[in-house]
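K.L.:
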Amino acid sequence: MPPRSPASPISRIFAVSDTETLQTLCGPHHRNLERLEQRLEDYQLRAESQGGGVMLFGLAEGVSIAEFALGAYLQKVTSGTAPGELEFDGAINGALSRLMQSAGPIKGLKVKVQAQTAGQTAYLSALQNEEAGLVFGVGPAGTGKTFLAVAIGAAELATGRRDRLIVARPAVEAGEKLGFLPGDLEDKVDPYMLPIWDSLRELFGQEQLDRRRLRGEIEVAPLAFMRGRTLKNAFVIIDEAQNATIPQMKMVLTRLGRNSRMVVTGDPSQVDLPSKQPSGLRHALNILKGVDGVRQMYLSRSDVVRHDLVSRIVDAYDKAEKQSPPDEQANDR
Numbered sequence: 001m002p003p004r005s006p007a008s009p010i011s012r013i014f015a016v017s018d019t020e021t022l023q024t025l026c027g028p029h030h031r032n033l034e035r036l037e038q039r040l041e042d043y044q045l046r047a048e049s050q051g052g053g054v055m056l057f058g059l060a061e062g063v064s065i066a067e068f069a070l071g072a073y074l075q076k077v078t079s080g081t082a083p084g085e086l087e088f089d090g091a092i093n094g095a096l097s098r099l100m101q102s103a104g105p106i107k108g109l110k111v112k113v114q115a116q117t118a119g120q121t122a123y124l125s126a127l128q129n130e131e132a133g134l135v136f137g138v139g140p141a142g143t144g145k146t147f148l149a150v151a152i153g154a155a156e157l158a159t160g161r162r163d164r165l166i167v168a169r170p171a172v173e174a175g176e177k178l179g180f181l182p183g184d185l186e187d188k189v190d191p192y193m194l195p196i197w198d199s200l201r202e203l204f205g206q207e208q209l210d211r212r213r214l215r216g217e218i219e220v221a222p223l224a225f226m227r228g229r230t231l232k233n234a235f236v237i238i239d240e241a242q243n244a245t246i247p248q249m250k251m252v253l254t255r256l257g258r259n260s261r262m263v264v265t266g267d268p269s270q271v272d273l274p275s276k277q278p279s280g281l282r283h284a285l286n287i288l289k290g291v292d293g294v295r296q297m298y299l300s301r302s303d304v305v306r307h308d309l310v311s312r313i314v315d316a317y318d319k320a321e322k323q324s325p326p327d328e329q330a331n332d333r
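To convert, note that position 308 of the sequence shown is 308 in my numbering; the numbers rise steadily by one, no gaps.
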């Protein structure tokens, strides 16, 4: 596991010996630096050419990855490799692979859980950073954003770091009508919680899960059940947060009590709220940018770890959305 870093950005300069070397590092029209920023966006990285080298701003792990990538690229070029964008991208890939290899599995669980992609590695690093009191995990289906959050919460519970693991989801109807389902409210919303229970069963085993559930250490509930509570010494996960309204999101974000942490996961492209009702997830991401102690981690289709076909399905839907008129997109959802 890479060393934990402060939530606040840092700055370091990657020094070079002469102007010609600096130009090689930056690439034509600074395209290498732009590419470096794009690939390390999860780490809030910014790279700028300065007199004696490249100034790097961002979260500590991102700055370290950038330094390694720049060093590897410079070593390639000085050893005779022709400079180019493909070579530079390869240096970034090498730096990210090095980070992934250094990240060990999550401890305290029945099964081994480990990052499978560079994006997941960055996400896990944020989840394991105690100074990040609120982490947003945003991305398409299959990227592991919920499962990894549940795994970290389960590990913190198993190791005694937190007293409770609480997972909440908005009970929003995605085409189905809850009113026609049998039973009381708890029976009606329970199907929405099955993916969470499945994950917990895999991580703890059925026997331990049942024990912890009976002791009240694990709670999986609709988002509305969070109102009026103060959640102390807990690891809290808000799943499918794209279906929370703005008032609901404000309500749940302000539930955090002493020694608690929260992870908010969702996919802004899959909003099931009634037409014209804005998503609380999108709103929160916009207004909480740059707030100390908040990390916003973005996973992409390259982080999909389900069947290979899932990534291609996500691509197809993304292309269709870009080609469809806005009103048609709203009806599709």
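Positions of the beta carbon are idealized from the N, C-alpha and C atoms, including for glycine. Owing to the predicted nature of the structure, the values given are computational and were not obtained by experimental measurement.
According to the Cβ coordinates, are S260 and A221 closer than 9 angstroms?
P.N.:
In this structure, A221 does not lie closer than 9 angstroms to S260 by Cβ.
K.L.:
Note down, one range per segment and in chain order, each alpha helix (DSSP H) of at least 4 residues found wholly within the segment 10-72.
P.N.:
Complete alpha helix (DSSP H) runs here, min 4: 19-26 and 31-39.
K.L.:
Between I65 and A95, how many whole angstroms is the CB-CB distance? I'm expecting something under 8 angstroms.
P.N.:
I65 to A95, Cβ: 5 angstroms. Contact.
K.L.:
Which residue's Cα is closest to the Cα of L253: A118, A284, Q38 and T78?
P.N.:
The shortest C-alpha separation from L253 is found at A284.
K.L.:
Could you give the DSSP three-state label for A241: helix, strand or coil?
P.N.:
If DSSP states are grouped into helix, strand and coil, A241 belongs with the helices.
K.L.:
What does DSSP give as the partner residue(s) for Y298 in the beta ladder?
P.N.:
Answer by DSSP bridge pairing, in chain order: V138.
K.L.:
Are the CB atoms of V314 and T117 within a distance shorter than 9 angstroms?
P.N.:
No. Outside cutoff.
K.L.:
Please classify S199 as buried or exposed, where buried requires at least 16 neighbouring CB atoms within 10 angstroms.
P.N.:
Under this definition S199 is a buried residue.
K.L.:
Taking three-plus beta-carbon pairs below 8 angstroms as touching, is the segment 269-286 in contact with the segment 231-245?
P.N.:
Touching, yes.
K.L.:
Just to confirm before moving on: does the CB-CB distance between V263 and I152 stay below 9 angstroms?
P.N.:
Yes, these two residues count as a Cβ contact at 9 angstroms.
K.L.:
If you drop the 5 nearest sequence neighbours on each side, which residues of the same chain put their C-beta closer than 7 angstroms to that of R301?
P.N.:
P140, S311, V314 and D315.
K.L.:
What are the start and end residues of the beta strand (DSSP E) that includes R213?
P.N.:
Taken as a continuous stretch (DSSP letters only), R213 belongs to no beta strand (DSSP E), being part of the alpha helix (DSSP H) at Q206 to L214.
K.L.:
Classify S125 as buried or exposed, calling it buried when 16 or more other Cβ atoms lie within 10 Å of its own Cβ.
P.N.:
It is buried - the Cβ of S125 has at least 16 other Cβ atoms within 10 Å.
K.L.:
Please list, in chain order, all residues of the same chain as S11 whose beta carbon is under 7 angstroms from its beta carbon, the five residues on each side excluded.
P.N.:
Once the five neighbours on either side are set aside, the close Cβ partners of S11 are M55, L56 and F57.
K.L.:
Per DSSP, what kind of secondary structure is R161 in: helix, strand or coil?
P.N.:
Reduced to three states, the DSSP call for R161 is coil.
K.L.:
Whole angstroms are fine: how far does the CA of G27 sit from the CA of G84?
P.N.:
Straight-line Cα distance between these residues: approximately 8 angstroms.
K.L.:
So, at 7 angstroms on beta carbons, what are the nonlocal neighbours of F68 in its own chain, with the 5 sequence-adjacent residues on each side left out?
P.N.:
Closer than 7 angstroms at the Cβ level, and outside the excluded window around F68, lie A95 and R98.
K.L.:
Could you pull the start and end residues of the beta strand (DSSP E) that A221 belongs to?
P.N.:
A221 -> beta strand (DSSP E) spans I218 to P222.
K.L.:
Quick check: what's the CA-CA separation for Y43 versus Q128?
P.N.:
If you take the alpha carbons of Y43 and Q128, they lie about 14 angstroms apart.
K.L.:
Less than 9 angstroms between the beta carbons of A158 and L214, yes or no?
P.N.:
Taking 9 angstroms as the Cβ cut-off, A158 and L214 do not qualify as a contacting pair.
K.L.:
By DSSP, does E121 sit in helix, in strand, or in coil?
P.N.:
Glu is not the amino acid found at residue 121; the sequence shown has Thr there. Correct three-state label for T121: helix.
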